[in-house]
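Residue 856 is where the sequence shown starts when you use my numbering, and the numbers rise one by one after that. The beta carbon of each residue, even a glycine, is placed where N, CA and C say it ideally should be. The structure appears below as C-alpha cells.
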Amino acid sequence: MGRDPYRIESFPRTHLLQEIHDRFAELAGKPVSAAGRIVSLRPMGKAAFIHIQDSTGKIQIYLKMDELPEDWTLVDHVDLGDIVGVEGEPFVTRTGEQSIHARKF
C-alpha cells in the first residue's frame with residue numbers, strides 16, 4: 856500500500872476511552888479522537904466493528920465502507936494487537952453498546 860508499517864507516528868487524541876464512557880451523554884454526536892490497541896475485530900461485509908483498548912478502558916468502533924473510502928483498505932490489513940487511532944462521534948448501537956462511529960481511521 857506504499858505505507859511503512861513500522862513508522863512511528865503521533866496521533867492527537869482528545870479523550871481517553873474511559874473518559875468517553877464517563878462523559879457519554881455530553882459527548883454523544885460531537886467529534887472525538889481516541890487511540891488504542893485492537894482487542895477484537897469483526898468485519899461484516901461493508902461494515903466492521905473493532906474494539907480498542909487503552910490504559911483506561913475499552914470501546915467499540917463502528918466503521919462503514921462507504922463513509923471511509925480512503926481508510927477502508929486499512930480494515931483488511933489491521934490485526935489484533937495493532938495500535939490505531941480513530942476520529943468520529945460517540946453513539947449507541949442498536950444493541951445498546953456505547954461506540955464511536957468512525958469518520959477517520
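Please classify residue i as buried or exposed, where buried requires at least 16 neighbouring CB atoms within 10 angstroms.
{"i": "Pro886", "result": "exposed"}
{"i": "Ala935", "result": "What sits at residue 935 in the sequence shown is Leu, not Ala. Classification for Leu935: exposed."}
{"i": "Val974", "result": "Any answer about residue 974 is impossible in this case: the structure gives the chain only from 856 up to 960."}
{"i": "His870", "result": "buried"}
{"i": "Ala880", "result": "exposed"}
{"i": "Ile938", "result": "exposed"}
Per DSSP, which residues does residue i bridge with? Please list them.
{"i": "Lys959", "result": "Glu942"}
{"i": "Tyr917", "result": "Phe904, His956"}
{"i": "Val947", "result": "Gln953"}
Would you call the CB atoms of residue i and residue j closer than 8 Å?
{"i": "Tyr917", "j": "His956", "result": "yes"}
{"i": "Ser895", "j": "His906", "result": "yes"}
{"i": "Thr911", "j": "Gln953", "result": "no"}
{"i": "Lys959", "j": "Val941", "result": "yes"}
{"i": "Lys901", "j": "Asp921", "result": "yes"}
{"i": "Arg892", "j": "Gln908", "result": "yes"}
Which ranges does the alpha helix (DSSP H) cover as unbroken runs of at least 4 residues, wholly within the segment 870-910, from first to last along the chain?
872-877, 879-882
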